[in-house]
Amino acid sequence: MTATMTMAQALNAALRDALREDERVLVFGEDVGPLGGVFRVTDGLTKEFGEERCFDTPLAEAGIVGLAVGLAMGGFRPVIEMQFDAFAYPAFEQIASHVAKLRNRTRGRLSLPIVIRIPYAGGIGGVEHHCDSSEAYYAHTPGLKVVTPATADDAYWLLRDAVADPDPVIFMEPKRLYWSKEETSVADRHAAGFGRAAVRREGRDATLVAYGPSVPVALQAAEAAARDGRSLEVVDLRTIVPFDDETVVASVRRTGRCVVIQEAQGFAGVGAEIAARVQERCFHSLAAPVLRVTGFDIPYPPPILEHSHLPDVDRVLDAVDRLQFDDQPDLLHLTREAS
Amino acid sequence: MTATMTMAQALNAALRDALREDERVLVFGEDVGPLGGVFRVTDGLTKEFGEERCFDTPLAEAGIVGLAVGLAMGGFRPVIEMQFDAFAYPAFEQIASHVAKLRNRTRGRLSLPIVIRIPYAGGIGGVEHHCDSSEAYYAHTPGLKVVTPATADDAYWLLRDAVADPDPVIFMEPKRLYWSKEETSVADRHAAGFGRAAVRREGRDATLVAYGPSVPVALQAAEAAARDGRSLEVVDLRTIVPFDDETVVASVRRTGRCVVIQEAQGFAGVGAEIAARVQERCFHSLAAPVLRVTGFDIPYPPPILEHSHLPDVDRVLDAVDRLQFDDQPDLLHLTREAS
Amino acid sequence: MSVRRSPQTVDGLLPSPEPVRFVAEDGTAVEPPAGYAEPAGEHLVEAYRRMVLGRRFDRQATALTKQGRLAVYPSSRGQEACQIAGVLALREDDWLFPTYRDSVALVSRGLDPVEVLTLLRGGWHCGYDPAATRVAPQCTPLATQTIHAVGMAEAMRRKGEDGVVMAFIGDGGTSEGDFHEALNYAAVLRAPVVFLVQNNKYAISVPLAKQSAAPALAYKGIGYGIPSEQVDGNDLVAVLSVLTAAVTHARTGGGPFLVEAHTYRMDPHTNADDPTRYRESQEVEQWESADPLARLETYLRGRGLLGAEDVAAAHKAAEEYAARLRDAMNADPEADPFELFDHVFAEPTPQLHEQRALLASELTARED
Amino acid sequence: MSVRRSPQTVDGLLPSPEPVRFVAEDGTAVEPPAGYAEPAGEHLVEAYRRMVLGRRFDRQATALTKQGRLAVYPSSRGQEACQIAGVLALREDDWLFPTYRDSVALVSRGLDPVEVLTLLRGGWHCGYDPAATRVAPQCTPLATQTIHAVGMAEAMRRKGEDGVVMAFIGDGGTSEGDFHEALNYAAVLRAPVVFLVQNNKYAISVPLAKQSAAPALAYKGIGYGIPSEQVDGNDLVAVLSVLTAAVTHARTGGGPFLVEAHTYRMDPHTNADDPTRYRESQEVEQWESADPLARLETYLRGRGLLGAEDVAAAHKAAEEYAARLRDAMNADPEADPFELFDHVFAEPTPQLHEQRALLASELTARED
Ligand SMILES: Cc1ncc(C[n+]2csc(CCOP(=O)(O)OP(=O)(O)O)c2C)c(N)n1
Ligand SMILES: Cc1ncc(C[n+]2csc(CCOP(=O)(O)OP(=O)(O)O)c2C)c(N)n1
Ligand SMILES: [Mg+2]
Ligand SMILES: [Mg+2]
């Protein structure tokens with residue numbers, strides 16, 4: 004049975020079903036109880052499962068993550084919420100030094116089936132500290148799986164997979180997609196497996212690799228390009244760690260061109276990893292360099308300026324156009340202009 | 004006047020000279036006072052400049068960084084020490100949300116001339132949490148300059164530059180190079196400018212791009228390759244942010260081949276950024292994909308196994324050999340083997 | 145060999161067992177604990193004027209969210225006594241480290257209300273000049289500003305200034321590790337900083353009982369060797385008296401001081417919040433009877449310090465202020481996209497120059 | 145409307161004004177404060193045996209660093225009373241969350257000393273099985289383990305077990321934000337956890353005076369609503385009595401308890417440290433007179449609970465233990481490089497498979 008739901012509703016359904024099926028699952032964080040979370044992703048869970056299963060913690064993120072570590076060591080499966088991307092930073096030590104490492108430190112004698120949900124990225128007119136794209140910090144930390152859905156259906160199934168996973172999963176939720184409605188099948192699974200990317204649209208001329216909030220941008224760009232007679236394939240990573248080399252490489256080998264789209268500031272981001280991997284593995288199939296379309300290397304802008312920062316269809320299409328040329332003459336020419 | 008000194012001594016001299024020349028400079032952190040720091044980089048500073056200028060703080064890294072923010076807002080120029088890489092994580096929120104952003108948040112009305120010194124990376128047989136390569140976390144954060152010296156002379160001058168810089172600088176000190184002795188000129192400057200990479204060795208056949216602890220590895224590899232008649236150029240980045248595209252691009256355009264060396268776990272690391280940039284800017288000069296030689300995507304190993312993890316001369320030479328082939332058949336073949 | 149301290153030291157660090165009060169909820173005077181002086185009458189009248197203005201500003205800001213002129217606004221209604229006493233207890237050359245909640249304190253300090261609201265209307269992050277106003281940017285990452293406040297206090301001490309820093313924080317923020325580190329650093333450095341905890345009983349939806357099991361948050365001070373006090377945060381006279389004593393303590397070399405002001409957040413966390421999900425309306429109604437503004441007005445009239453015409457004048461001034469604000473906020477905020485690259489560093493890096501040029505080419509392309 | 149509490153609640157949360165003591169430094173009995181029971185004689189004799197063994201283990205470990213058999217060792221000498229009382233106060237099914245400093249506690253708990261020293265000899269990170277021993281991996285990132293301890297205590301409570309968790313931490317570690325968050329979470333959750341602060345007066349080179357301005361660290365409890373006590377950490381009888389009371393309090397639903405044990409780090413921070421840079425040798429000598437082992441021995445002999453032969457037997461057992469350890473540590477630790485990829489995740493990712501294969505090819509290449 005399928006239903007139209009928003010991504011927020013799909014996530015809520017996934018948490019509800021996980022709480023129902025496994026009594027070891029606990030949901031906690033700031034305002035996830037009676038309020039149902041600032042994005043209402045935990046709406047109704049305390050009502051249905053009681054304060055024991057879904058509860059508010061004191062206001063301290065290292066505390067939330069550290070509590071989850073202890074509870075997981077004690078046999079529970081915590082699913083915790085960091086209220087916003089930048090507000091997970093106080094927990095960074097707990098995440099990098101403990102969540103990511105405990106299994107390894109103890110040679111597998113202890114494991115941490117913890118899901119850390121993080122609403123992230125911008126595009127919703129949020130004020131400072133509420134719009135960071137922090138996925139690269141986690142993707143660069145060995146021992147963490149990093150997931151980010153782009154559809155309501157994936158939101159449901161990837162979250163179910165994450166809760167069932169024996170290892171810690173950083174579950175990055177693109178804020179701006181919380182309210183996007185889609186057909187979602189919470190009953191029988193159609194979604195791809197955990198760790199597999201999805202080809203959202205097939206194309207011949209170039210591959211757009213995107214994840215999370217950038218997937219709709221990629222699809223719109225492909226739509227627009229099609230009108231100009233250019234056929235773009237769109238790959239949605241779904242999981243950043245593990246990374247689905249097979250799907251990405253197969254696509255780029257076929258199209259011979261690749262643009263990576265990432266909302267985060269570009270420098271040393273996940274897009275850099277994708278570009279590096281693709282050229283390592285597809286070099287002799289590439290007719291042009293792998294280009295990146297990203298946010299600028301600046302702190303997230305105030306709402307009034309975020310549209311200038313965010314990768315949009317035009318920025319993607321500009322990149323696609325550049326795939327036709329050598330050594331990006333225009334970019335070099337910009338450099339000269341700039342200096 | 005030049006003298007042979009270790010990198011630790013050069014850093015100590017830089018701090019001493021900075022304290023002498025500018026009374027706004029303050030040095031503080033954990034054990035940097037009478038003890039002189041666990042690596043003795045602040046040795047003798049409290050004795051010479053008094054507790055007012057170089058002092059021990061209570062044991063709290065967010066506190067150290069936050070105190071530096073307030074002191075810098077108040078007109079001082081703090082140079083603070085995080086005792087080890089992984090022990091800077093508790094300060095991550097202060098660094099990412101405040102140190103990196105304050106100038107931007109206030110439209111330049113406030114600036115933070117803070118230097119955060121971080122001994123990092125491994126190769127010294129340190130136990131867990133003492134050997135992380137954390138440079139990518141900072142390099143990916145807009146508003147931070149990220150520096151890492153590979154020679155004693157650079158250690159002195161880059162630290163002087165960092166202290167003089169109007170903006171926050173994350174100063175990453177490769178632990179294992181603390182005791183390496185070199186000719187160092189603390190009097191008249193020979194070192195390259197801040198933001199410029201250095202060609203440590205000239206070569207024709209391929210470019211090795213490295214930074215910090217990997218520079219000596221690159222030089223040894225070039226030495227070994229030379230014996231087999233292969234001429235490798237070695238570029239030492241010196242500063243990761245800002246990035247010296249000009250020097251790197253010029254070298255790779257000339258050699259047509261590039262291997263990036265990074266001790267950190269590879270995924271979404273600085274090496275990915277370098278590889279991505281190089282192929283973006285040198286695509287049509289490249290005879291082979293830009294390859295990366297990095298640590299594995301694992302938590303830093305126990306001392307007994309670190310040699311298996313760390314990129315060494317052989318791993319670099321293996322990569323150089325692969326530069327001759329198409330689409331890395333051997334790597335793909337490994338994938339098949341693995342699965 | 146083990147540490148010995150006199151119980152004396154200890155008593156000096158504990159707050160009064162009951163929140164300090166000068167004025168009861170009905171506006172009548174009550175006997176305050178020994179050692180606290182009642183502020184001069186003209187100060188109280190000035191405080192009254194500012195409370196009237198502050199409340200009007202707050203109401204206007206909330207109205208602006210409904211008109212879509214403000215993206216979001218965290219109201220101060222009910223907390224005016226804390227915020228205005230906090231400002232009145234300081235000198236112009238003292239520093240203030242506020243949170244997103246403390247807009248009323250800022251306008252009361254004399255900052256341009258449009259500049260104060262710039263962040264919340266989606267304009268640039270901080271609309272006012274922190275250096276000129278000696279008011280740090282309103283801080284969102286909870287408790288992080290309290291350590292900056294300690295650093296600024298230490299900076300002033302080192303420069304031989306006798307300035308004091310006041311760090312604002314909420315009850316929820318006290319749970320963050322940074323608050324702990326700030327208190328400890330302040331105590332060890334004996335920094336001239338006053339921590340003002342506005343305990344408004346909620347952290348968004350989380351009530352105090354889920355936030356802390358302490359007898360009162362003021363009892364946190366002794367664990368750092370910081371003298372502390374708790375005060376009725378809806379009694380302007382009491383808050384001003386206690387904060388004045390705290391600031392004097394800090395200014396005269398006594399080191400840090402911790403004040404917990406018991407108050408209540410009358411409005412939703414922000415206009416985007418839905419309090420019906422987590423608190424009863426009766427609870428809010430009960431607190432209406434503790435309203436700080438009505439209480440001060442009754443008290444001042446009873447003491448003959450305030451006349452009907454003073455009240456009218458205060459409200460007239462507030463109305464004019466609100467009208468000017470409404471008009472000023474009617475214009476859409478403007479911003480130059482290229483400024484995005486101007487303040488990342490003092491000098492943009494080559495990478496930022498490149499990205500600026502990319503944006504420029506995009507904008508020209510859009511034009512044709 | 146403001147929060148009201150009875151001063152009663154408050155008193156219940158404050159520690160004794162002086163550290164609790166049963167035995168003076170000269171080994172004679174002193175009057176302990178009311179409410180603390182002296183542990184049974186046989187417990188004290190058992191504690192004595194373990195202290196003799198623990199100290200011998202500690203000396204052996206230090207010796208092993210000199211022989212290059214241990215990379216680094218943070219000695220517990222002088223702190224044995226705290227660590228052994230901590231272990232004796234617990235049941236086998238209780239959990240212990242130790243730091244790198246607490247090796248003596250671990251061997252006293254019965255863990256294999258070679259497994260305990262695996263981390264410090266450069267072998268795998270944690271040499272023992274935390275699940276089987278109910279001892280968390282010795283923690284280096286300071287104070288982080290205290291929150292894990294709260295989580296484990298909460299887990300046991302939820303599973304209906306009556307287990308207790310003891311979290312070890314040093315004086316320096318109490319300055320970290322995580323300690324604050326752990327205390328607050330424990331109090332709000334009423335988790336059955338006992339926080340044992342071994343205040344050994346130094347954080348590497350930083351003396352307590354630079355670490356905190358509190359009358360005593362035990363005064364931190366009241367700020368969270370956690371009952372607290374301070375005890376002479378070199379008086380085994382006192383520490384065991386206080387910790388037993390604390391554990392009972394936690395086990396019987398009283399919630400968390402905070403104990404500060406005043407002790408002293410007799411040796412350098414680790415063998416790599418040079419204390420002459422930051423403390424006077426007289427200070428160390430003074431503390432020799434407060435030695436916990438000598439004190440307990442004198443006391444037990446005075447009470448006729450311990451005879452010469454018991455002492456001899458204890459030392460003989462300790463010598464044999466040390467000899468076995470020395471021999472066991474003579475072999476070089478071994479490790480399989482491929483295990484590097486086995487525990488990152490339950491199932492290695494395709495990327496890890498690839499990297500494992502790369503290492504394999506490197507190792508084969510080296511062979512030929
Ligand atoms: C580190 C951090 N975590 C979470 C948040 C999200 N957040 C914003 S306000 C708030 C509640 C704060 O409550 P309190 O400190 O009592 O201040 P109040 O809003 O009541 O004035 C939360 C959780 C944040 N801003 N910073
Ligand atoms: C978060 C963090 N910061 C810094 C360090 C480095 N460090 C290791 S031990 C130590 C001193 C700890 O002192 P204390 O808590 O008193 O414990 P003790 O060593 O005296 O037993 C420091 C600073 C660390 N391990 N973790
Ligand atoms: Mg509040
Ligand atoms: Mg200590």
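Chains as they are written, first to last, in my numbering: chain A, 4 to 342; chain B, 4 to 342; chain C, 145 to 512; chain D, 145 to 512.
We put the beta carbon where it would ideally sit given N, CA and C, even for glycine.
Asked                                                                                                                                                                 : Found
Return the chain-ordered list of same chain residues with a C-beta closer than 6 Å to the C-beta of D:Y346, the five sequence neighbours on each side being excluded. : R409
State the DSSP-derived secondary structure class of A:D329, mapped to helix, strand or coil.                                                                          : Confidence in A:D329 is poor, its pLDDT being 47 and thus under 50, which makes the residue's placement unreliable; the coordinate value appears in the next sentence. A:D329 falls in the coil class under three-state DSSP.
Quick check: does the Cβ of A:F90 come within less than 7 Å of any heavy atom belonging to ligand 1?                                                                  : yes
Any chance the CB of D:L232 is under 7 Å from a heavy atom of ligand 2?                                                                                               : no
Just reading off the beta strand (DSSP E) that B:E24 is part of, what are its end residues?                                                                           : First-last for B:E24: 10-24, but that is the alpha helix (DSSP H), not the beta strand (DSSP E).
Touch check for the segment 188-206 of chain A and the segment 297-315 of chain A: three-plus C-beta pairs under 8 Å?                                                 : no
Answer yes or no: does any C-beta atom of chain D fall closer than 8 Å to that of A:Q97?                                                                              : yes
Measure from the C-beta of A:F286 to each C-beta in chain B and report whether the shortest distance is under 8 Å.                                                    : yes
Roughly how many angstroms separate the alpha carbons of D:A275 and B:F52, rounded to a whole number?                                                                 : 51 Å
In whole angstroms, what is the alpha-carbon distance linking C:L387 and C:V309?                                                                                      : 12 Å
Using a beta-carbon distance below 8 Å, is A:G353 in contact with chain B?                                                                                            : Residue 353 of chain A lies beyond the range of chain A shown here (4 to 342); nothing can be said about it.
Quick check on D:S385 - is its C-beta less than 8 Å from some C-beta in chain C?                                                                                      : no
With DSSP as the reference, please indicate the residues paired to B:Q268 in a beta bridge.                                                                           : B:G298
Does the beta carbon of A:P81 come closer than 8 Å to any beta carbon on chain C?                                                                                     : no
Is any beta-carbon of chain A found at less than 8 Å from that of B:E131?                                                                                             : yes
Please compile the residues from chain B whose C-beta is within a distance smaller than 8 Å of the C-beta of D:V131.                                                  : This structure cannot speak to residue 131 of chain D, because chain D is shown only from 145 to 512.
Taking B:D300 as the query, report the chain A residues whose CB atoms sit under 7 Å from its CB, ordered along the chain.                                            : P145
B:R295 versus chain F: which residues are under 7 Å apart at the beta carbon?                                                                                         : Among the protein chains of the structure shown, namely A, B, C and D, there is no chain F.
To the nearest angstrom, how far is it from the Cα of A:F286 to the Cα of B:L161?                                                                                     : 37 Å
Sorry if obvious, but does the Cβ on A:R43 come closer than 7 Å to a heavy atom of ligand 1?                                                                          : no
Could you tell me if C:A475 is buried or exposed, where buried requires 16 or more neighbouring beta carbons within 10 angstroms of its beta carbon?                  : exposed
Three or more C-beta pairs under 8 Å: does that hold for the segment 319-333 of chain D against the segment 378-393 of chain D?                                       : no
Would you say the beta carbon of C:P285 comes nearer than 7 Å to a heavy atom of ligand 1?                                                                            : yes
Confirm the yes/no value for this check: CB of C:N344, any heavy atom of ligand 1, distance under 7 Å.                                                                : yes
Can you find at least 3 beta carbon pairs, one from the segment 398-413 of chain D and one from the segment 348-364 of chain D, that sit closer than 8 Å?             : yes
Can you grab the Cα-Cα spacing for the pair C:R148 / D:E162, in whole Å?                                                                                              : Reliability fails at C:R148, whose pLDDT of 39 lies under 50, so the model's placement of it is uncertain and no value is given.
How do the segment 296-313 of chain C and the segment 365-385 of chain C stand: do at least 3 beta-carbon pairs fall below 8 Å, yes or no?                            : no
Confirm, please, whether the CB-CB distance from D:G321 to B:P93 is below 8 Å.                                                                                        : yes
CA-CA distance, B:R339 and A:E249?                                                                                                                                    : In this prediction, B:R339 has a pLDDT of 49, which is less than 50 and means its spatial position is unreliable; nothing more can be read from the coordinates.
Measure the alpha-carbon distance for C:Q204 versus C:Q430 and round it to whole angstroms.                                                                           : 24 Å
C:H497: which of C:E483, C:T508, C:R510 sits nearest, CA to CA?                                                                                                       : C:E483
Identify the contact partners of C:S319 in chain A, using a Cβ-Cβ distance below 8 Å as the criterion.                                                                : P61, L62, A63, G66
Compute the minimum distance between the beta carbon of D:A347 and the heavy atoms of ligand 4, and state whether it is under 7 Å.                                    : yes
Within 8 Å of any Cβ in chain D, is that where the Cβ of C:E506 sits?                                                                                                 : no
Compare the beta carbon distance of B:R325 and B:S288 with 8 Å and say whether it is the shorter of the two.                                                          : no
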